[in-house]
Amino acid sequence: MASFAIEEFVGDGVLSGLIPKFVAAGWDDVPTLKMIDMEDMELLKLTQQQKEALELRTYLHDRSLMQYADRMEASKATLNELLSMTTVSLSSRFGMKKGHVSRFVNRENGYSNPKPSSCVPPARENNVTETSNWSEHNSSKGSLHSLKSHLKLNPNYDPPTAKAVLDLKLNDGHVFKGIVASKPAYPRLCGWIQPPPIVNDVASHSSIANISVQKLTPEYKVGVQRLLENKAPPMKASDLWNNKATVLLCIRRPGCIMCRAEAHQLYSRKPIFDALGFQLVAVLHEQIESEVIEFWPRYWGGLVVVDQTMGFFKALGGGQLLKDKFLTGFILNSHARANYKAAKATGFDQNFKGEGGIKGGMFIIRSGRGGVAYQFIERNFGDWAPIGEVVEICTRIQVLFSDPCSEKLLEEVHKKKTMKLPLLGFVEINSIKSFHTS
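Residue numbering for the sequence shown follows the UniProt record's numbering, starting at 1 and increasing by one per position.
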């Protein structure tokens, strides 16, 4: 278990009465609270026991082992003391399963939030003007002050001015570039089963702007109510990103363990996307109330909308739904089976309710009429957009708004067919398809 409900995260121990204090100080969702550091704990005047409890719960949440949090906290043992215990002790004292013990003692396991080294509180460094490379393996936690700094890539960056410049360029007929991406997919059964095709162009803004969607849940905050009880009216999809750049995660089936794992690992990085000025939205293609309740906020704390016309899912396939069957798409697909095995290791629950053959993916959409910057297609069941790639694209979008020279950079990338991603080095554009007009 690793729910994003803050009440479940703090549990029934020494942190249970601190939720109002956390919320008042801006630590109002689980991913952000997990990034608290010692200095911020001191500002909140947490006791040593409370600090140790927060450290323990963060560690357990990263490894989906929150079912042991209350018992471990009640033992009053520190995290280091717990990690030094034998397998027999952990099993006998806390009822921990053997597989869970292995996950618990593996310090490299889990979803640790990376942060750029330039993210430092203004009080500690006042002249931060650009971000350094992102390190996916950096386990150090940032502070709330650093998140609120919004990772400005240009000291003169001004959102209203940038939006006005973008609008002028769009009115002049300027066309921005986008990336179509996917994981490799190969023929199966000696070529009798061909992989699904991949589109050459990202979806145009006009093809997705008027898709009718309906909000099913709000963004999770303490005490917020689900919208399922009061049905929200349909809205145009463009209203989602009209004022804020958006990462749209199109989910094949919310009960699928691979979909849950992808949603969870993406939302775990919410502080990064907050700092970059992006909102996270999950898109479902069918509404099953019990599944939405199970999915939010346990595996996803962002906004959830339903696209019953499947407009976004069709856009991923260039106007056609990308569908596959259980036998051909999973049993006979080693990549899909490997994806399932990786998701199974999270320990998440799963069910088989709903339509699971319609493939999903991801859109990264600029605010206003900026269009699609990145489109990831789920060619094999359980394919994820690499989180480092997603963060890099979001960072480059901010550069595009703040730096007029960035458009030249994109054109050069288009010509050279390579781009440098901090997490991936120089990447062949062919491996993530290529730049195309949107």
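Yeah, the Cβ is synthetic: ideal placement off N, Cα and C, and Gly gets one too.
*Apply the 10 Å Cβ neighbour rule to A237 and answer buried if 16 or more other Cβ atoms are within range, or exposed otherwise.*
Against the sequence shown, residue 237 aligns to sequence position 237. Buried, because 16 or more other Cβ atoms sit within 10 Å of the Cβ of A237.
_Beta-carbon within less than 7 Å of A261's beta-carbon, same chain only, minus the 5 sequence neighbours each way: which residues are those?_
For the purposes of this step, residue 261 is taken as residue 261 along the sequence shown, with counting starting at 1. These residues qualify, in order along the chain: A343, T346, F348.
*Spatial neighbours of H335 in its chain, beta-carbon cut-off 6 Å, leaving aside the 5 residues before and after*: The sequence position of residue 335 within the sequence shown is 335, counting from 1. Taken in chain order, the residues that qualify are N380.
*Closest by C-alpha distance to V180, when choosing among D201, V224, Q194, A209*: Locating residue 180 in the sequence shown gives position 180, counting from the first residue. Selected option, being the one with the closest Cα: D201.
*Going by DSSP, which residues form a beta bridge with Q279?*
As a working mapping, residue 279 is identified with position 279 in the sequence shown. In DSSP, Q279 forms a bridge with T246.
*asked:* Just to confirm my understanding: we take K34, look at its own chain, exclude 5 residues before and 5 after, and list those with CB closer than 6 Å. What are they?
replied: Position 34 of the sequence shown, counting from 1, holds the residue named residue 34. Counting only Cβ-Cβ distances below 6 Å, and skipping sequence neighbours, we find T58.
*Just mark A338 as buried or exposed, buried being the case when its beta carbon has 16 or more other beta carbons within 10 Å.*
The residue given as residue 338 occupies position 338 in the sequence shown. A338 comes out exposed.
*Buried/exposed call for V281, threshold 16 Cβ in 10 Å*: Position 281 of the sequence shown holds residue 281. When all chains shown are included, V281 counts as buried.
*What does F376 pair with, by DSSP beta-bridge criteria?*
By one-based count along the sequence shown, residue 376 stands at place 376. Bridge partners of F376: A181, M362.
*Would you check if there are 3 or more beta carbon pairs closer than 8 Å linking the stretch 181 to 198 to the stretch 371 to 390?*
yes
*asked:* Within the continuous alpha helix (DSSP H) that includes K341, where are the two ends?
replied: Taking the first residue of the sequence shown as 1, we reach residue 341 at position 341. Segment 334 to 344, the alpha helix (DSSP H) holding K341.
*Count the other CB atoms within 10 Å of the CB of P197; is the residue buried (16 or more) or exposed (fewer)?*
The residue given as residue 197 occupies position 197 in the sequence shown. The residue is exposed, with fewer than 16 neighbouring Cβ atoms inside 10 Å.
*Got a sec, what are the start and stop residues for the alpha helix (DSSP H) V105 sits in?*
To locate residue 105, count along the sequence shown from 1; it is residue 105. Run containing V105: 98 to 105, per the alpha helix (DSSP H) assignment.
*Identify whether H150 lies in helix, strand or coil by the three-state DSSP scheme.*
Within the sequence shown, numbered from 1, the residue matching residue 150 stands at position 150. Since pLDDT at H150 reaches only 32, below the 50 mark, its modelled position is unreliable, and no value is offered.
*Taking all protein chains shown into account, decide if C190 is buried (16 or more other Cβ within 10 angstroms of its Cβ) or exposed.*
By 1-based counting over the sequence shown, the position of residue 190 is 190. So C190 counts as exposed.
*Helix, strand or coil for R252, going by three-state DSSP, please let me know.*
Here residue 252 refers to the residue found at position 252 when the sequence shown is read from its first residue. R252: coil per DSSP, three-state reduction.
*May I ask you to list the residues that DSSP assigns as paired with V306?*
The sequence position of residue 306 within the sequence shown is 306, counting from 1. Beta-bridge pairing links V306 to Q214, L284.
*Rounded separation between L303 and L284 - CA only*: Locating residue 303 in the sequence shown gives position 303, where the first residue counts as 1. Locating residue 284 in the sequence shown gives position 284, where the first residue counts as 1. Using only the alpha carbons, I get a separation of about 11 Å.
*Find out if the Cβ-Cβ distance for the pair A53, E73 is shorter than 7 Å.*
The residue labelled residue 53 in the question sits at position 53 within the sequence shown. The residue labelled residue 73 in the question sits at position 73 within the sequence shown. For A53 and E73, yes; Cβs fall inside 7 Å.
*8 Å contact criterion, which C259 and F313 should meet: CB distance rounded*: Numbered from its first residue, the sequence shown carries residue 259 at position 259. Numbered from its first residue, the sequence shown carries residue 313 at position 313. With 8 Å as the limit, C259 and F313 do not qualify as a contact, their Cβ atoms being about 13 Å apart.
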